[in-house]
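Peer 1:
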Amino acid sequence: MIRYSLQCSQGHEFEDWFSNSADYDEKAAAGSLKCPECGDLQVSKAIMAPSVGKSKSSAPAMPSCAMGGGCMGGGCGFGS
Ligand SMILES: [Zn+2]
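Numbering (our numbering), first residue to last: 49 to 128.
1) Please list the terminal residues of the continuous beta strand (DSSP E) segment that includes GLU61.
2) Leaving aside the five residues before and after GLU61 along the sequence, list all residues of the same chain whose C-beta is less than 8 Å from its C-beta, in chain order.
3) Using only the alpha-carbon positions, how far apart do SER69 and ILE50 sit?
4) Would you list the one or two residues that DSSP bridges to TYR52?
5) Apart from the five residues on each side of it in sequence, which residues of its chain come closer than 6 Å, Cβ to Cβ, to SER57?
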């Protein structure tokens, strides 16, 4: 299951669950997506909120020991 943030042409944002992206495409193509607030059928995917740690390779989750594991006990300052 995948959750998409959707937005109608009136600017209402809501969320809906789909089996996969193809499921969304099918429902969008069939016009079965409807804004729960105003009933607008002009619904498109909104910009999704950034999900944590999805594809951010530029920011390492943990600093690695600069000594390559040879500091033995946190002497490098990164702790043990
Ligand atoms: Zn709406």
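Just so you know, even glycine gets a beta-carbon here, dropped at the ideal spot from N, CA and C. Every value quoted in this text rests on a predicted model; they were computed, and no experiment measured them.
Peer 2: A quick look at the data gives this:
1) Within the sequence shown, residue 61 is the residue found at index 13, counting from 1. From DSSP, the beta strand (DSSP E) with GLU61 extends over 61-66.
2) Indexing the sequence shown from 1 puts residue 61 at position 13. Same-chain partners within the cutoff: SER53, LEU54, GLN55, ALA94.
3) On the sequence shown, residue 69 is found 21 positions in, with the first residue counted as 1. On the sequence shown, residue 50 is found 2 positions in, with the first residue counted as 1. Between SER69 and ILE50, the C-alpha separation is close to 8 Å.
4) To locate residue 52, count along the sequence shown from 1; it is residue 4. ASP64, per the DSSP bridge assignment.
5) Taking the sequence shown and counting its residues from 1, the one referred to as residue 57 is at position 9. Same-chain partners within the cutoff: ASP88, GLN90.
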